[in-house]
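>
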Ligand code: GDP
Ligand code: IMO
Ligand code: MG
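Numbering (the working numbering), first residue to last: 4 to 426.
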């Protein structure tokens, strides 16, 4: 039986997962998404084109590779259809490259409305959700009310849909002044359902068992990041799924002892989009410089990302929870503008040193303590080998390896597939 390798984000998402999955795909037979949904925006760049994927796994462009949307994913048929339309010019054989778990849950138009109504009602305390209906859909999943992909083939699907929508309309009526036009949203949604029907719906647990038995190499592609995990992230400012390695097992139906390499991916600095604690956030000109140089604007919502220095306590925590076996460091090129780079080694809380993330981080003042590291001040974007990279970059990588106790196997120096250095 083969093992299932996992690639996932160690920060607050947008680490560059799409890029590295695309780079690694030639080593695999199957690429599988195990959680999240269209809140994700995974960017791939090659041959002068930039692609942003939301629901579809990042292996879709490579010949001979199967892509699986696992049971842990939530799917909005409208966004899914738009994704497929964007891929149409590339003439990919989608039908033979993409399958979907029957047990994946559907995001209804009313889930999106509930997300909006809930965020609006929270005012200043809002999560900063992508408003894609993620939270309400996972709530219906755990509340045992949800609709699943397999249901669309049932004769009573429309009844099931209507009955859940009725429930949602009841809840929406409690939000004072929240207005909406549901019939406008339902047409495109039903159209998307027809598109979904054209793809193969599978039992992913059986699919992966058979695939592993026949020697297929599998890579699970995480969405969001560890600090957004429903259990281990900066709750309540998190997403509604388990973004950590354990989520692979429940989100695909593969057993814990099948997990192989765990590739943890992080930016050479740190970003966050949406509300919530971010100890190393830079609200000054340096933060602006990182945002401008790193083009830190959301791939899904276009919102500016909050920027700051790398946070080692948060990374160590993420490595621990995920059992990370190797690291990929992204966007090293962005830091080329600085003479000195700062690294948060620990926090101070109420005058006491803290080496890990405190429980109630959302409600406490957690002051980062920094060490300064010499910058490389060299354009890295044309490098083709790690051996040729500046000594200061190598020193930064070695410093992080020593602090994090996990090897950095990949250093990324630009958004393109080719701008990837192997250490
Ligand atoms: P994901 O959600 O983890 O897949 O990441 P996103 O696609 O949301 O955000 C990462 C952004 O950084 C995208 O615009 C990528 O094209 C870009 N990117 C990835 N790696 C690098 C890199 O090494 N350098 C630079 N400058 N950009 C990168
Ligand atoms: P990828 O896969 C960055 C954030 C939102 C918000 C919180 C909850 O591209 O890394 P949700 O819509 O899930 O209810 O939002 O989580 N968020 C992300 N931030 N990258 C993502 O995905 C994200 N998906 C959700 O901004 O703060
Ligand atoms: Mg993203």
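Here a beta-carbon is modelled for each residue, glycine too, at the ideal position from N, C-alpha and C.
1) Tell me, which residues are paired with residue 377 by DSSP?
2) What residue from 425, 426, 424 and 5 has the CA that sits closest to residue 214's CA?
3) What is the residue span of the beta strand (DSSP E) that residue 46 lies within?
4) Verify whether the separation of the beta carbon atoms of residue 379 and residue 421 is less than 8 Å.
5) What residue range is occupied by the uninterrupted alpha helix (DSSP H) comprising residue 167?
6) Using the Cα positions of residue 1 and residue 195, report the straight-line distance between them to the nearest angstrom.
7) List the residues that DSSP assigns as beta-bridge partners of residue 8.
8) Starting from residue 207, trace the alpha helix (DSSP H) in both directions and tell me its first and last residue.
9) According to the neighbour-count rule (16 or more other Cβ atoms, all chains shown, within 10 Å of its Cβ), is residue 186 buried or exposed?
10) Nearest to residue 144 by alpha carbon, out of 162, 75, 354 and 85?
11) Terminal residues of the continuous beta strand (DSSP E) containing residue 331?
12) Considering only DSSP beta bridges, list what residue 270 is partnered with.
13) Do the segment 241 to 249 and the segment 197 to 206 meet, that is, are 3 or more Cβ pairs less than 8 Å apart?
14) Mind the definition here: the segment 295 to 312 touches the segment 45 to 64 only if three or more C-beta pairs lie below 8 Å; say whether that holds.
15) Measuring alpha carbon to alpha carbon, tell me which residue in 332, 170, 408 and 354 is nearest residue 13.
16) Answer yes or no: do residue 399 and residue 322 have a C-beta to C-beta separation smaller than 8 Å?
17) Can you give me the C-alpha to C-alpha distance between residue 310 and residue 335, rounded to a whole angstrom?
18) For residue 226, count the other beta carbons within 10 Å of its own beta carbon; 16 or more makes it buried, fewer makes it exposed. Which is it?
19) With 16 other CB atoms within 10 Å as the buried threshold, where does residue 385 fall?
20) For residue 193, report the span of its alpha helix (DSSP H) as first-last.
21) Does the distance between the C-beta of residue 240 and the nearest non-hydrogen atom of the ligand IMO fall short of 7 Å?
22) Which two residues bound the contiguous alpha helix (DSSP H) that contains residue 137?
23) Pull up the distance between the alpha-carbon of residue 413 and that of residue 397, whole angstroms please.
24) Can at least three beta-carbon pairs, one atom from the segment 130 to 148 and one from the segment 289 to 298, be found at a separation below 8 Å?
25) Which whole-angstrom value describes the C-beta separation of residue 104 and residue 207, a residue pair presumed to lie in contact below a C-beta threshold of 8 Å?
26) I want to check one thing, is the minimum distance from the CB of residue 25 to the heavy atoms of the ligand IMO below 7 Å?
27) Can you pull every residue whose C-beta falls closer than 5 Å to some heavy atom of the ligand MG, listed in chain order?
28) Between the Cα of residue 38 and those of 388, 390, 316 and 253, spot the shortest distance and give me the residue it belongs to.
29) Which value, in whole angstroms, describes the spacing of the CA atoms of residue 426 and residue 402?
30) Let me know the beta strand (DSSP E) ranges lying completely inside the segment 26 to 105, each 3 residues or longer, listed in chain order.
31) Between 278, 50 and 327, which lies nearest to residue 238 when the distance is taken from Cα to Cα?
32) Would DSSP call residue 419 helix, strand or coil?
33) Can you check whether the CB of residue 168 is closer than 8 Å to the CB of residue 111?
34) My output table needs one value for residue 130: the three-state DSSP class, helix, strand or coil.
35) Please state whether DSSP places residue 357 in a helix, a strand or coil.
36) Can you check whether the C-beta of residue 158 is within less than 8 Å of a C-beta belonging to chain D?
With the structure as the only source:
1) Within the DSSP bridge table, the entry for residue 377 names 343 as partners.
2) For residue 214, the closest of 425, 426, 424 and 5 by C-alpha to C-alpha distance is 5.
3) Element bounds for residue 46: 45 to 49.
4) No. Outside cutoff.
5) First-last of the alpha helix (DSSP H) with residue 167: 160 to 175.
6) Because the chain here runs from 4 to 426, residue 1 falls outside it and cannot be looked at.
7) DSSP output for residue 8 lists 222 as bridge partner(s).
8) Annotation: the continuous alpha helix (DSSP H) that includes residue 207 extends over 207 to 216.
9) Classified as exposed, residue 186 has fewer than 16 neighbouring CB atoms from the shown chains inside 10 Å of its CB.
10) Cα-wise, what sits closest to residue 144 is 75.
11) Unbroken beta strand (DSSP E) run through residue 331: 329 to 333.
12) For residue 270, which the question treats as bridged, DSSP gives the partners 333.
13) Between the segment 241 to 249 and the segment 197 to 206, the count of C-beta pairs closer than 8 Å stays below three; the two stretches do not touch.
14) Yes: at least three Cβ pairs fall under 8 Å.
15) Ranking 332, 170, 408 and 354 by CA distance to the CA of residue 13 puts 332 first.
16) Taking 8 Å as the cut-off, the Cβ atoms of residue 399 and residue 322 do not count as close.
17) Residue 310 and residue 335: Cα-Cα distance of roughly 14 Å.
18) Buried, by the Cβ-count rule.
19) Taking a 10 Å sphere around the C-beta of residue 385, we find fewer than 16 other C-beta atoms and assign the residue as exposed.
20) Element bounds for residue 193: 185 to 200.
21) Yes.
22) Looking at the DSSP string, the run of the alpha helix (DSSP H) that includes residue 137 is 137 to 145.
23) Near 12 Å, if we compare the C-alpha coordinates of residue 397 and residue 413.
24) Verdict: no, contact absent.
25) Indeed, because the Cβ distance is near 4 Å, the residues count as touching under 8 Å.
26) Checking every heavy atom of the ligand IMO against the Cβ of residue 25, none is found closer than 7 Å.
27) Working through the chain, the matches are 17, 44 and 302.
28) Residue 253 holds the alpha-carbon nearest to the alpha-carbon of residue 38 among 388, 390, 316 and 253.
29) Each residue's Cα considered, the two are about 14 Å apart.
30) The qualifying runs are 33 to 36, 45 to 49, 52 to 56, 69 to 72 and 101 to 104.
31) Checking every option, the nearest Cα to that of residue 238 belongs to 278.
32) Here residue 419 sits in strand by DSSP.
33) The answer is yes: Cβ separation under 8 Å.
34) In the structure shown, residue 130 sits in coil (DSSP, three-state: anything other than H, G, I, E or B).
35) Reduced to three states, the DSSP call for residue 357 is strand.
36) Protein chain content of the structure displayed is limited to a single chain, and chain D is not contained in it.
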